[in-house]
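2 protein chains.
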Amino acid sequence: MALTLTPLTGIPLISPGDDLAPLILQAFDRAQLALLDGDIIILAQKIVSKAEGCLVDLTKVTPSPRALDLAEQTAKDPRLVEVILGESRQVLRTRPGVIVVEHRLGFICASAGVDHSNVHGDKGRPEDWVLLLPENPDASAAALRQRLEAASGRHLGVLIIDSHGRAWRMGTVGVAIGISGLPGLVDMRGWADLFDFRLQITQVGVADELAAAASLVMGQAAEGTPVVHARGFPYPLREASLGELIRQRDQDLFR
Amino acid sequence: MALTLTPLTGIPLISPGDDLAPLILQAFDRAQLALLDGDIIILAQKIVSKAEGCLVDLTKVTPSPRALDLAEQTAKDPRLVEVILGESRQVLRTRPGVIVVEHRLGFICASAGVDHSNVHGDKGRPEDWVLLLPENPDASAAALRQRLEAASGRHLGVLIIDSHGRAWRMGTVGVAIGISGLPGLVDMRGWADLFDFRLQITQVGVADELAAAASLVMGQAAEGTPVVHARGFPYPLREASLGELIRQRDQDLFR
Numbered sequence: 279m280a281l282t283l284t285p286l287t288g289i290p291l292i293s294p295g296d297d298l299a300p301l302i303l304q305a306f307d308r309a310q311l312a313l314l315d316g317d318i319i320i321l322a323q324k325i326v327s328k329a330e331g332c333l334v335d336l337t338k339v340t341p342s343p344r345a346l347d348l349a350e351q352t353a354k355d356p357r358l359v360e361v362i363l364g365e366s367r368q369v370l371r372t373r374p375g376v377i378v379v380e381h382r383l384g385f386i387c388a389s390a391g392v393d394h395s396n397v398h399g400d401k402g403r404p405e406d407w408v409l410l411l412p413e414n415p416d417a418s419a420a421a422l423r424q425r426l427e428a429a430s431g432r433h434l435g436v437l438i439i440d441s442h443g444r445a446w447r448m449g450t451v452g453v454a455i456g457i458s459g460l461p462g463l464v465d466m467r468g469w470a471d472l473f474d475f476r477l478q479i480t481q482v483g484v485a486d487e488l489a490a491a492a493s494l495v496m497g498q499a500a501e502g503t504p505v506v507h508a509r510g511f512p513y514p515l516r517e518a519s520l521g522e523l524i525r526q527r528d529q530d531l532f533r
Numbered sequence: 279m280a281l282t283l284t285p286l287t288g289i290p291l292i293s294p295g296d297d298l299a300p301l302i303l304q305a306f307d308r309a310q311l312a313l314l315d316g317d318i319i320i321l322a323q324k325i326v327s328k329a330e331g332c333l334v335d336l337t338k339v340t341p342s343p344r345a346l347d348l349a350e351q352t353a354k355d356p357r358l359v360e361v362i363l364g365e366s367r368q369v370l371r372t373r374p375g376v377i378v379v380e381h382r383l384g385f386i387c388a389s390a391g392v393d394h395s396n397v398h399g400d401k402g403r404p405e406d407w408v409l410l411l412p413e414n415p416d417a418s419a420a421a422l423r424q425r426l427e428a429a430s431g432r433h434l435g436v437l438i439i440d441s442h443g444r445a446w447r448m449g450t451v452g453v454a455i456g457i458s459g460l461p462g463l464v465d466m467r468g469w470a471d472l473f474d475f476r477l478q479i480t481q482v483g484v485a486d487e488l489a490a491a492a493s494l495v496m497g498q499a500a501e502g503t504p505v506v507h508a509r510g511f512p513y514p515l516r517e518a519s520l521g522e523l524i525r526q527r528d529q530d531l532f533r
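Protein chains in written order, with the numbering used here: chain A, 279 to 533; chain B, 279 to 533.
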């Protein structure tokens, strides 16, 4: 069966307090695309964060001594560094322009996912505002899924994605940061190939593979198409959370 | 535009010396799917390696002292470790059951991509044979692309993929190991979002995103559907090579 990823056009610019569910359902209506059981809706983190108002006004941030020190090492705005530290459990690596952290949600990423962002409305100079990741992306995905399932009567998955760099490869790729209703990992242990050898690879990061696929059709300047519809996901839907995809520290050889 | 990934069914089991191009073209015919300009053909590494005969008979391998030592540390077959070392530039991490290396092709992966594999034909006990990655996957992709373009009269991309683990996340994902005719990276530097902020993320690993998408529809026990057709790749095709996606050592903060 084919996997089809369709970017939904016409999602308006999102502001704090906007309700995403009806905007998404309207986009499906406009596309004359009816949801089916097993479909997955993938959202760029940015619109979830904006709708949830995960914004910080840098003019109201006072950098700590640690933030001032790290800002000097990395040539970054000390107020931004303060916000990054507030979103992080641990700073792993720094160099000029780069701060790699363990985010409070458990994954490793640059700048704790904090981004300067075009903030709409009467909020002062946009360059003084930054956007954080959603407070609890799994919960955001679950809440949205409940709304979309109720409206459609279908059994769906919802995935919230961001773009992360990789330790050893150039370029960012889409990864899952919030999951509801689809597996993060699919366990291949015990599956046999055609000649009954045991597969040595045990687990596949299917939610991350789907995130990468969706990221490809969103593009990066994702304001225009921050919602993607996926049909043909080849694994059974089930309850899951982001935790499946997070490598625990004691399993991490490269921290 | 939607991105559609279609696994091609009915590709036979591949043996050394098999010619992949006609087998792929026959699969397109059976699927009644005509190639169009901009389409991308994605192949699992395994069938390329098998067709190219990248097989090693472990009964003929004599482990070096270094392989014997590493085999003891990692509880692996010393002959297999010898083969892994031969495919590697550098061993980065070891623990029982795990050897992470810089492959001779430049990327970081477990066991240098060497895998026990069901080998067909009269070749002795299958568990004594292992499959290496293709000698030069970019060249393999380019040669196949030339054949498929000549047969179809279309401008195509060809991508060879494998499944790699990640430093910080659980589960493997599909990644590019050989590229012909499509970008590895798309450079977003200077692209503006809707409000003319400069994007801070500069480069997207689009070939890896496509590899992940294709891996999702291949599954892992990939003998059945090791070839995937992609239509709707949203970036212009161009000449490229795997090198774009390899982070150089001096840029690697996590080695």
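Each residue gets a CB set at the ideal place from its N, CA and C atoms; glycine is no exception.
Remember, predicted model here, so these are calculated numbers, not experimental data.
Residue i to residue j span [Cα, whole Å]
i	j	result
Ala470 (chain B)	Asp307 (chain A)	Only weak support exists for where Ala470 (chain B) lies, its pLDDT of 43 falling under 50; the value from the coordinates is given anyway. Ala470 (chain B) and Asp307 (chain A): Cα-Cα distance of roughly 29 Å.
Pro412 (chain B)	Cys332 (chain B)	6 Å
Asp355 (chain A)	Cys387 (chain A)	18 Å
Gly497 (chain A)	Asp317 (chain A)	21 Å
Glu350 (chain B)	Val408 (chain B)	19 Å
Leu472 (chain A)	Ser441 (chain B)	The predicted model places Leu472 (chain A) with a pLDDT of 43, which falls under 50 and marks its position as unreliable, so this point remains unresolved.
Gln529 (chain B)	Val379 (chain B)	17 Å
Arg357 (chain A)	Leu346 (chain A)	8 Å
Leu434 (chain B)	Met279 (chain B)	18 Å
Leu531 (chain A)	Asp296 (chain A)	42 Å
Ala417 (chain A)	Val326 (chain A)	11 Å
Cβ neighbour criterion (16 or more within 10 Å) applied to residue i
i	result
Asp486 (chain A)	buried
Gln323 (chain A)	buried
Thr337 (chain B)	exposed
Leu363 (chain A)	buried
Arg423 (chain A)	buried
Arg525 (chain B)	buried
Ala491 (chain B)	buried
Gly375 (chain B)	exposed
Arg476 (chain A)	Unreliable placement is indicated for Arg476 (chain A), whose pLDDT of 46 sits below 50; the coordinate value is still reported in the next sentence. By the neighbour-count rule (16 or more Cβ atoms within 10 Å), Arg476 (chain A) is not buried but exposed.
Boundaries of the beta strand (DSSP E) in which residue i is found, first to last residue
i	result
Glu380 (chain A)	376 to 381
Ile319 (chain A)	318 to 322
Ala386 (chain A)	According to the sequence provided, residue 386 (chain A) is Ile. The question's Ala does not apply to it. Here the beta strand (DSSP E) through Ile386 (chain A) covers 386 to 388.
Asp307 (chain B)	Unbroken run through Asp307 (chain B) is the alpha helix (DSSP H), 298 to 308; no beta strand (DSSP E).
Thr503 (chain A)	It is not in any beta strand (DSSP E) - Thr503 (chain A) carries neither H nor E in the DSSP assignment.
The ligand NAP heavy atom lying under 6 Å from the CB of residue i
i	result
Ser493 (chain A)	Summarising the ligand content, the structure contains no ligands, and the ligand NAP is consequently not present.
Best match in the options for proximity to residue i [C-alpha to C-alpha]
i	options	result
Pro341 (chain A)	A:Asn414, A:Val359, A:Leu515	A:Val359
Ala312 (chain B)	B:Gly449, B:Gly431, B:Ala445, B:Thr480	B:Gly431
Arg527 (chain B)	B:Glu517, B:Leu434, B:His381	B:His381
Gln304 (chain A)	A:Leu348, A:Met466, A:Glu405, A:Val505	A:Val505
Thr503 (chain B)	B:Gly391, B:Asp335, B:Pro285, B:Ala491	B:Pro285
Pro415 (chain B)	B:Phe385, B:Glu405, B:Val408	B:Phe385
Leu410 (chain B)	B:Arg373, B:Thr480, B:Ala390, B:Val379	B:Ala390
Leu348 (chain B)	B:Arg373, B:Arg533, B:Glu365, B:Ser327	B:Arg373
Ile439 (chain B)	B:Ala309, B:Val334, B:Leu523, B:Thr480	B:Leu523
Thr480 (chain B)	A:Thr450, A:Met466, A:Ile377	A:Thr450
Ala299 (chain B)	B:Ala445, B:Pro343, B:Arg533, B:Ala428	B:Ala428
Val334 (chain A)	A:Asp406, A:Val464, A:Ile455	A:Asp406
Cβ separation of residue i and residue j, assumed to be a contact under 8 Å, to the nearest whole Å
i	j	result
Ile457 (chain B)	Leu515 (chain B)	Their Cβ separation, rounded to whole angstroms, is 11 Å, which puts Ile457 (chain B) and Leu515 (chain B) out of contact at 8 Å.
Ala489 (chain A)	Gly459 (chain A)	The pair is not a contact, with the Cβ atoms about 14 Å apart (cut-off 8 Å).
Phe319 (chain B)	Leu494 (chain B)	At residue 319 (chain B) the sequence reads Ile, which differs from the Phe that was named. Not really, about 16 Å apart at Cβ, beyond 8 Å.
Gly462 (chain B)	Ala518 (chain B)	5 Å
Ala329 (chain A)	Ile292 (chain A)	5 Å
Leu437 (chain A)	Ala419 (chain A)	7 Å
Gly483 (chain B)	Arg371 (chain A)	Gly483 (chain B) to Arg371 (chain A), Cβ: 19 Å. No contact.
Thr287 (chain A)	Arg509 (chain A)	Actually they are not in contact, since the Cβ atoms of Thr287 (chain A) and Arg509 (chain A) sit about 17 Å apart, beyond 8 Å.
Val369 (chain B)	Val392 (chain B)	No, Val369 (chain B) and Val392 (chain B) are not in contact; Cβ-Cβ is about 13 Å, not under 8 Å.
Span of the alpha helix (DSSP H), counted from its first residue to its last, around residue i
i	result
Val453 (chain B)	Segment 451 to 458 is the beta strand (DSSP E) holding Val453 (chain B); no alpha helix (DSSP H) there.
Asp486 (chain A)	484 to 496
Leu422 (chain B)	415 to 430
Leu346 (chain A)	343 to 352
Gly364 (chain A)	356 to 364
Cross-chain neighbours of residue i in chain D, by beta carbon under 9 Å
i	result
Leu488 (chain A)	Included in the structure are the protein chains A and B, with no chain D among them.
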